[in-house]
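All letters in the sequence shown, in the order written, are residues 33 to 389 by our numbering.
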Amino acid sequence: MNEDRPVFGVCGYSGSGKTTLLERVVPRLVQRGLSVAVIKHDAHGIGRDPSSKDSDRLFRVGADVVVHGPGETLARTSHLRDTSLEAALDRLVQRNDLVLLEGFKRWPGRKAWLLKNDETAPPADIGPCDPILGWEADRAGILEEALVRFVEEQAERGPLFGCILIGGASRRMGRAKHLLPLAGGTGETWLHRTVRVLQTCCQQVAIAGRGEIPNDLRHMHHLPDAPGVNGPLAGILSAMRWAPRASWLVAACDLPFLSPEAVSWVLEQRSAGVWALLPRVSESAPVEPLLAWYGFRCREIIEALAAAARPALRDVAKHPKCRAIVVPSLLARAWQDVDTPESAAWCNGENLRNTRP
């Protein structure tokens, strides 16, 4: 069982009010901005699709059937495919903030137990349950708060990786930006400094894009651009395909004032139900997608952008599950990039002055 998945059981004997409770709680969670899926256990098998006899006939002869109507889609998957609970969970957590299991008493993960009117405690053999909801309790309020806390906890448990984008054309700079030397004659490059900053908060850091890598950084993962995709979108998509369960802190290689404080601030803005955070340096400024956080569920959005006729990474911020956030003025410099040798030299000079005692 994957402990990082946001999967929570709502259990109890028949007649304990599981479905009625979920009918009350799910709208509250949706109102909070969470996307929710429910898997219902039926020991007697799934009955005929009441919406269409024709679709049921097609399903019975072995087809996967999708019934599409205004505002909804119903899919039935053939027994010829993987219909295990684990496979269903893996699919659903990719596009939902929370998956609720109704009626799976033996679920080994987190679960609530609903007591019937004549019960005083859950059965001893089903493992720990929290919360335990009595018949007279404020079941909807208690469960809602427990589920929101659970989603927030699970979001913090998932892996956080860093992705450094290299390989831009650098026409005005005249050379690869990630190989520009740092001030002070240490022999290190802007890429070295970016790696160090991301390593302060990320479990792993990968380099994405085309270009030479310094010898002492060749032990790091170097990911080729996603084929058929141009620009920084190619590097981000490559990273998300490489580690699909990780969330990503993405940074371009040409941010001379990038700081641990700036990336920490971005990560502190994460919240339940948000799939990406794209900063802007003021209320009226465009979003800055090249120092931003992308949750693993954002991959579907990125894939759709890559397939668009004119993909624009900034359009991620237009998705209802993604947020544009305004950077505090004291940190805004971290989002300043450079394009010319003159601006690079000036930034190196600024950094050198700021590091002197």
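Even for Gly, the Cβ is constructed at its ideal location relative to N, Cα and C.
Predicted model only: the values in this text are computed from it and were never measured.
Shown here, Leu147 sits in coil according to DSSP, grouped into three states, outside any helix or strand. Its Cα nearest to that of Ser296, the residue Leu230 stands out among Leu230, Met272, Pro264, Asp286. Here DSSP, grouped into helix, strand and coil, assigns Lys72 to strand.
When DSSP states are grouped into helix, strand and coil, Glu134 belongs to the strand group. In the structure shown, Ala304 adopts coil according to DSSP, grouped into three states. In the three-state DSSP reduction, Leu165 falls in the strand class (E or B). Secondary structure of Thr52 (DSSP, three-state): helix. Under the three-state reduction of DSSP, Arg355 is assigned to strand. Between Ala178 and Pro163, the CB-CB gap stays under 7 Å. Between Pro59 and Val313, the alpha-carbon positions lie close to 35 Å from each other.
For Arg312, the secondary structure class from DSSP, reduced to helix, strand or coil, is strand. Val370: not part of any beta strand (DSSP E); DSSP gives it neither H nor E. When only Cα atoms are considered, Gly243 and Asn262 end up about 15 Å apart. The beta carbon of Leu121 sits closer than 7 Å to the beta carbons of Arg37, Val39, Val131 from its chain, once the five residues preceding and following it are set aside; these are given in chain order.
Under a 10 Å Cβ-count criterion, Val370 is classified as buried, with 16 or more other Cβ atoms of the shown protein chains found around its own Cβ.
Residue state for His253 is assigned as strand, using DSSP reduced to three classes. Per DSSP, the continuous beta strand (DSSP E) segment holding Trp325 begins and ends at 323 to 326.
Residue burial annotation: Gly103 is exposed, with fewer than 16 other C-beta atoms found within 10 angstroms of its C-beta. When the beta-carbon positions are compared, Leu255 and Ala238 come within less than 7 Å of each other. In this structure the stretch 285 to 300 does not lie against the stretch 333 to 343, because fewer than three pairs of beta carbons, one per stretch, are closer than 8 Å. Here Cys233 carries a coil assignment [DSSP, helix/strand/coil]. In this chain, the beta strand (DSSP E) harbouring Leu192 covers 192 to 197. Around Glu176, the same chain offers Val57, Arg60, Leu61 as residues with beta carbons nearer than 8 Å, after the five sequence neighbours per side are excluded.
In this structure, Val42 is the residue among Pro352, Val42, Leu223, Val125 with its C-alpha nearest to the C-alpha of Arg138. Judged by DSSP secondary structure, Phe40 falls within the beta strand (DSSP E) whose first and last residues are 39 to 43. Residue state for Ile245 is assigned as coil, using DSSP reduced to three classes.
In the structure shown, the three-state DSSP call for Trp222 is helix. By the CB criterion at 7 Å, Trp325 and Lys353 fall outside the cutoff. The C-beta separation of Cys233 from Leu281 comes to about 7 Å, placing the pair in contact by the 8 Å criterion.
At the C-beta level, Leu124 and Ala69 come within 7 Å of one another.
Assignment of Ser361 by DSSP, reduced to helix, strand and coil, places it in the helix class. Minimum Cα-Cα distance from Arg64 among the listed residues Glu315, Glu335, Ala304 corresponds to Ala304. Take the alpha-carbon of Leu212 and the one of Val348: they are about 30 Å apart.
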